[in-house]
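Structure, as structure tokens:
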Amino acid sequence: MQFIDLAEQQRRIRSNIDTRIAAVLDHGKYIMGPEVGELEVALADYAGAKHCISCANGTDALLIALMALKVEHGDAVFVPSFTFASTAEVVPVVGATLVLVDIDPSTYNMCPESLKRCISTAKREGLRPAVTIAVDLFGLPANYPEINEISAENGMKVISDSAQGFGGTINGKRTGSLADITTTSFFPAKPLGCYGDGGALFTDNDEWASIMASIRLHGKGTQKYDNVRVGMNSRLDTIQAAILLEKLKVYPEELNARQYAASQYTSLLENLFVTPRIPEGYSSSWAQYTLAASTRDERDLVMEKARNSGVPTMIYYPKPLHQQTAYSSSMADPSGLENSQRASSTVFSLPMHGYLDEAKIVTTVRALQ
Ligand SMILES: *Cc1c(COP(=O)(O)O)cnc(C)c1O
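According to the numbering used here, the sequence shown holds residues 46 to 414 in order.
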């Protein structure tokens, strides 16, 4: 069994993808070709955002967002400790100070109370609280109602790192429209992935949108050789945009299939493990279906048994950021990062994608039982 099966989807839409790729080879506009603009319109429409700006990957999307918000030395940027390194690494790149926030143990997303403590700490250290980067971990949107309010009270902006959460909702509103700026990734294994690297930014703010579009093209002004700001090269390849246009068409159906698989896992496993908690009014894009065991030893034993029955499981993430060499001396919640710590030693994720049939679900559940 595969942990993420990309082949089944490819079999389903292969001929449409071939046609799209052939069209790009025919027109030859490999950089910023017409499919790029077409995709941006389709993605903005899907996400319910006014603007979508595609870019080279999800990490660049975060960097471009921080650059557009003019985050710099002396600014504090708040990031959960339990996430992929990308969310944090862009902060020192722009010269700002990273502050690591703990997570809510039931959702694995940023804890609003911890965020408040971190903001006070940063202020005491003489920093300007500038941006909160909330992560939609495993596909579940972060607690934007509270995080947006706390951030606004402190004069801060909110970036949603929805690399895993694209398509998730809160009260019917999709990621892309839940924070000031939303970023996502089209890395192949993400819920909406292409066949290489890709990413995108979403916002309703016209000024940020035009700045972000400029930054991804070397800080371009009105013409190609007119550079009005410091930028970078972070374009989405036309071929990847063409592939994503076909993948986006089947995405809503795939999200339903993920939701079905997640519900089955939960009803069959909730007596044995801590199953994911989806708060009232929220929906997840199920980038990962993540269980928690009661101890590290139990987790490791269950994973080994599953492996012996041919069922792959993975740990996202085995180390919180505050234990990574690169980030271990970062500023952090003064009350500690206990929940991040505990999650990294007890969680494990099951096979999850849009083409899990009943037989695979049952095989996985039996192996864990
Ligand atoms: C994958 C991921 C990213 C980075 O995306 P890339 O396209 O690989 O650069 C950022 N944040 C989170 C939470 C991710 O899972």
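All C-beta atoms in this analysis are idealised placements derived from N, C-alpha and C, irrespective of residue type, glycine included.
- Across the set A141, P186 and A167, the C-alpha of P186 shows the shortest separation from the C-alpha of P321.
- In the three-state reduction of the DSSP assignment, N193 falls in the helix class.
- A heavy atom of ligand 1 is found nearer than 6 Å to the CB of F232.
- With fewer than three CB-CB distances shorter than 8 Å, the stretch 208 to 223 does not count as touching the stretch 150 to 157.
- Between D378 and D147, the CB-CB gap stays under 7 Å.
- The Cβ neighbour count for P233, taken over all protein chains shown within 10 Å, is under 16; the residue is labelled exposed.
- Note that the C-beta distance between R59 and E291 is not below 7 Å.
- In this structure, the alpha-carbon of S394 lies about 17 Å from that of A302.
- At the C-beta level, L237 and Y296 come within 7 Å of one another.
- In this model, E85 and A92 are separated by some 10 Å (Cα to Cα).
- Going by DSSP, T370 is part of no alpha helix (DSSP H) at all; its letter is neither H nor E.
- Comparing C-alpha distances from A258 to each of R280, Y270 and K218 shows the shortest one belongs to R280.
- A contact between stretches requires three or more CB pairs, one per stretch, nearer than 8 Å, and the stretch 48 to 55 fails this requirement with the stretch 173 to 187.
- In the three-state reduction of the DSSP assignment, T358 falls in the coil class, being assigned neither a helical nor a strand state.
- In the displayed model, A338 falls within coil according to three-state DSSP, outside both helix and strand.
- Separation of the CB atoms of A224 and N193 is rounded to 7 Å, and the pair is thereby assigned contact status at 8 Å.
- With respect to the 7 Å criterion, W331 and M376 are not classified as neighbours on the basis of their beta carbons.
- For R322, there is no enclosing alpha helix (DSSP H), as DSSP marks it with neither H nor E.
- S126 sits close to P365, with the two beta carbons spaced by under 7 Å.
- Membership of P79 in the alpha helix (DSSP H) is indicated by the continuous run P79 to A92.
- Leaving aside the five residues that flank T311 on each side, the residues in its chain whose CB is nearer than 8 Å to its CB run, in chain order, T320 and P321.
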